[in-house]
Ligand code: GAL
């Protein structure tokens with residue numbers, strides 16, 4: 022098992038990025054050494070896409086070039102996060118194993134020429150991946166430069182080929198045991214879908230009209246397990262030769278091809294990539310969302326921001342250019358929420374190839390540039406935060422997040438195309454972020470007793486165990502807010518009969534939902550308390566809950582829209598429509614007040630992000646980021662590690678890390 026943490030080896034927080042020296046030559050490497058020292062780089066991710074160089078033909082390895090780079094980096098004080106190159110099989114591999122190329126749902130087999138062109142379920146690919154991981158670990162397992170192992174890169178590719186079909190069937194046999202159970206789970210009695218042999222079952226490929234929802238959900242679960250198995254194979258091959266921690270980088274927050282909770286349990290350190298897609302405060306809120314999720318996936322353990330951008334990511338619709346100061350603000354946004362440093366993609370901007378126009382720490386313009394100056398300033402700042410290493414972040418509020426619930430809202434034939442997990446999670450998190458409260462994410466079946474407030478924004482699917490857990494949470498004194506369309510289906514996507522949500526949750530909320538009514542896109546509902554809802558409404562009956570707001574128009578007029586139920590020692594709130602953002606924000610503030618949760622750092626105005634990191638010995642630090650346009654006085658002047666001086670105020674856009682007495 023692992024002996025020392027990454028920060029322990031580095032002697033502080035990590036700063037650096039993906040380093041692909043194979044794109045350059047000797048004079049540039051020399052300059053890299055110099056510039057890395059100037060930027061205070063102490064960790065470089067090496068080898069992510071180097072398979073073709075490391076194994077130029079099947080079974081023949083060439084490590085000499087990598088030996089040289091590792092030696093050079095080590096001599097320069099830069100530790101290595103050594104990657105297995107399996108996200109990018111070389112052309113020789115796909116030429117030899119065309120059956121390992123991925124197939125899309127409509128049956129198109131992709132070809133090489135990009136990256137990520139492999140099927141994870143193809144035996145030839147899995148063997149080749151394990152072999153190269155093993156060969157690397159054997160050679161570099163004890164290398165003094167290596168501080169961390171980086172398996173693969175962003176497991177996001179899915180496949181619908183025949184290998185996948187075979188693996189899916191094996192998985193289904195294990196899960197369901199018999200065809201009768203599977204037929205029952207998938208509701209194949211309808212539309213003449215009954216299976217009479219395992220061989221008839223396919224991955225959910227292109228078909229006419231709705232795909233079977235149970236099949237679609239099981240496929241997502243299967244694929245996630247397949248990915249975990251592939252990850253574990255590489256991880257275990259590495260562990261056979263190395264005691265350094267092992268991880269893989271997740272693409273957060275919008276990709277959801279994995280059961281992220283399960284992956285969080287398999288990695289020694291959660292690592293995530295993050296590229297916000299909006300400017301200004303929205304980017305900061307998105308950063309907080311991704312960072313809170315990364316921390317939560319590891320159960321609160323320290324985690325690592327493996328990639329972020331310094332500026333534009335080739336497609337401006339996707340990722341905007343960063344404003345001056347964003348490099349530091351985003352870096353601290355992650356560190357505030359528990360990241361053990363900040364890494365970028367990539368060190369030096371490519372001059373050719375697929376990512377020529379992706380920003381980097383050293384841009385095409387070279388070191389004499391705004392970006393590199395900001396990078397060096399951020400590197401200096403991170404170096405000053407050494408003492409934060411190993412400290413953690415706690416939260417009094419949790420937002421519930423479940424991969425099954427996410428996937429359940431991606432199947433065909435839903436009651437509304439407006440339902441969806443990611444946007445609802447974002448809205449809930451954003452309202453809490455605006456209120457200055459740090460948020461954990463939790464699974465509906467997790468122990469929730471430590472949270473004063475739990476928000477359940479998108480639990481269309483809720484297992485029996487989850488519903489019972491939420492009931493217990495409220496009975497035990499918790500405050501729970503459940504959003505519309507919750508608990509409509511169980512974990513087989515079977516509708517809950519007799520009224521929604523699932524019975525134990527109904528008990529905690531004191532309501533029974535009888536009917537949903539989708540709200541037209543051009544329509545806005547008015548509630549009796551003056552708030553407005555969109556997208557969704559419900560006809561519900563209270564069964565013990567008090568009604569706080571009613572619908573005012575149409576057939577729902579006079580019916581409850583927002584309710585609160587005193588249940589056991591706690592309170593269960595139910596919101597049966599999607600409130601507009603400002604109204605929702607006000608509701609969240611009301612709930613925080615009722616649950617007795619204040620701003621994390623009292624005395625600061627809205628727009629100043631403030632998170633506390635705690636060390637196990639009682640030391641603590643406030644990380645502050647001012648997203649406002651004015652200078653803000655600090656409630657308690659304290660020593661700012663960034664400025665190495667006492668801070669009394671925070672300028673617009675400014676940051677401070679206060680060591681608290
Ligand atoms: C990540 C990927 C990197 C790079 C980056 C660009 O998803 O891991 O290799 O392509 O995106 O933003």
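Residue numbers (the working numbering): 22 to 682. Glycine included, C-beta positions come from ideal geometry on N, C-alpha and C. Remember, predicted model here, so these are calculated numbers, not experimental data.
Nearest to residue 284 by alpha-carbon distance, out of 616, 320, 312, is 320.
The beta carbon of residue 378 lies closer than 6 angstroms to those of 335 in the same chain, with the five residues before and after it left out.
For a cut-off of 8 angstroms, the C-beta gap from residue 405 to residue 663 is around 6 angstroms, short enough to register as a contact. Taking C-beta atoms as the reference points, residue 248 and residue 176 count as a pair closer than 7 angstroms.
Inter-residue distance for residue 360 and residue 327 is about 9 angstroms (C-alpha atoms, whole angstroms). Exclusion of the five residues before and after residue 301 leaves 344, 648 as the residues of its chain whose Cβ lies within less than 8 angstroms of its Cβ. The DSSP assignment places 524 to 530 as complete runs of the alpha helix (DSSP H) inside the segment 493 to 573, in order along the chain (cut-off: 4 residues). In this structure, the alpha-carbon of residue 446 lies about 27 angstroms from that of residue 225. Within its own chain, the residues whose Cβ lies closer than 8 angstroms to the Cβ of residue 401, once the five positions on either side in sequence are excluded, are 61, listed in chain order. In the three-state reduction of the DSSP assignment, residue 76 falls in the coil class. Taking 7 angstroms as the cut-off, the beta carbon of residue 554 is found closer than this to the beta carbon of residue 599. Residue environment: residue 619 is assigned as exposed (fewer than 16 neighbouring CB atoms within 10 Å of its CB, all protein chains considered). At least one heavy atom of the ligand GAL is found less than 6 angstroms from the C-beta of residue 174. Here residue 355 carries a helix assignment [DSSP, helix/strand/coil]. Where residue 193 is concerned, the enclosing alpha helix (DSSP H) starts and stops at 183 to 197. Set against 6 angstroms, the gap from the CB of residue 365 to the closest heavy atom of the ligand GAL is not smaller. By the criterion of at least three beta-carbon pairs nearer than 8 angstroms, the segment 115 to 128 is not in contact with the segment 192 to 199. Under the criterion of beta carbons closer than 8 angstroms, residue 546 and residue 572 qualify as touching, at roughly 6 angstroms.
C-alpha of residue 35 to C-alpha of residue 168: approximately 11 angstroms in a straight line. The straight-line gap separating the alpha-carbon atoms of residue 287 and residue 253 is approximately 8 angstroms.
Beta-bridge pairing by DSSP links residue 419 to 461, 475. Taking a C-beta distance under 7 angstroms as the contact criterion, residue 499 and residue 475 qualify as a contact pair. Scanning the segment 265 to 324 for uninterrupted alpha helix (DSSP H) segments of 4 residues or longer gives 281 to 287, 301 to 318, listed from N- to C-terminal end. In the assembly as shown, residue 307 is a buried residue. Its beta-carbon has 16 or more other beta-carbons within 10 Å.
Residue 393 carries a helical assignment under DSSP once its states are collapsed to helix, strand and coil. Fully contained in the segment 77 to 112 are the following alpha helix (DSSP H) runs of length 4 or more, in chain order: 85 to 96. A distance of 7 angstroms or more separates the beta carbons of residue 371 and residue 461. Within the segment 123 to 170, the complete alpha helix (DSSP H) segments of 4 residues or longer fall at 144 to 161, listed in chain order. Nearest in C-alpha terms to residue 159, of all of 88, 376, 98, is 88. For residue 360, the enclosing beta strand (DSSP E) covers residues 360 to 365. Membership of residue 56 in the alpha helix (DSSP H) is indicated by the continuous run 47 to 59. Excluding the 5 residues flanking it on each side, residue 449 has same chain C-beta neighbours closer than 7 angstroms at 420, 476, 478, in chain order.
The residue from 213, 222, 94, 184 with its alpha-carbon nearest to that of residue 200 is 222. With contacts defined as CB atoms closer than 7 angstroms, residue 108 and residue 66 fail to qualify as a contacting pair. Exposed is the label assigned to residue 230, since fewer than 16 other Cβ atoms lie within 10 Å of its Cβ.
Its chain contains 56, 368, 369, 370, 393 as the residues whose beta carbon lies nearer than 7 angstroms to that of residue 383, once the 5 sequence neighbours on both sides are disregarded; these appear in chain order.
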